[in-house]
Amino acid sequence: MATKSTENTEAENKEAWVAGKEEHYPVTLDEFCRRLSTSDRRVEMIGAFEHVEKSAGRTKDTESAYRVRYEEFINQPV
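Yeah, the sequence shown ends on 942 if you go by the working numbering, and it's all consecutive.
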């Protein structure tokens, strides 16, 4: 029988593998923002990012591409 720490490690490995696979498939902007809101509580920032992306016509892209643009968005000078 596997120990609890081994079970957690296996679950974490599976989650990381699935997350890695998702980065290569397109997701909608809405789906990206929903997922992002589970880890980033700055809802105004996410909403502003969503508006900028929609205005630019980018409504479907890979999660990694959205993450790069989101990081650039939040780090731009005021």
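Every residue, glycine too, gets a C-beta built ideally from N, C-alpha and C.
ask   = Mind checking if residue 936 is an interface residue toward chain D, Cβ cutoff 9 angstroms exclusive?
value = Given the protein chain composition of this structure (a single chain), no chain D is represented.
inquiry  = Quick check on residue 925: does DSSP put it in helix, strand or coil?
reply    = For the purposes of this step, residue 925 is taken as the residue at position 61 of the sequence shown. Strand.
query = So, is residue 910 buried or exposed, given that buried needs 16 or more other C-beta atoms within 10 angstroms?
reply = Sequence index remark: in the sequence shown, residue 910 carries index 46 (1-based). Buried, by the Cβ-count rule.
task = Name the two residues that bound the continuous alpha helix (DSSP H) containing residue 916.
result = As a position in the sequence shown, residue 916 is number 52, starting the count at 1. Looking at the DSSP string, the run of the alpha helix (DSSP H) that includes residue 916 is 907-919.
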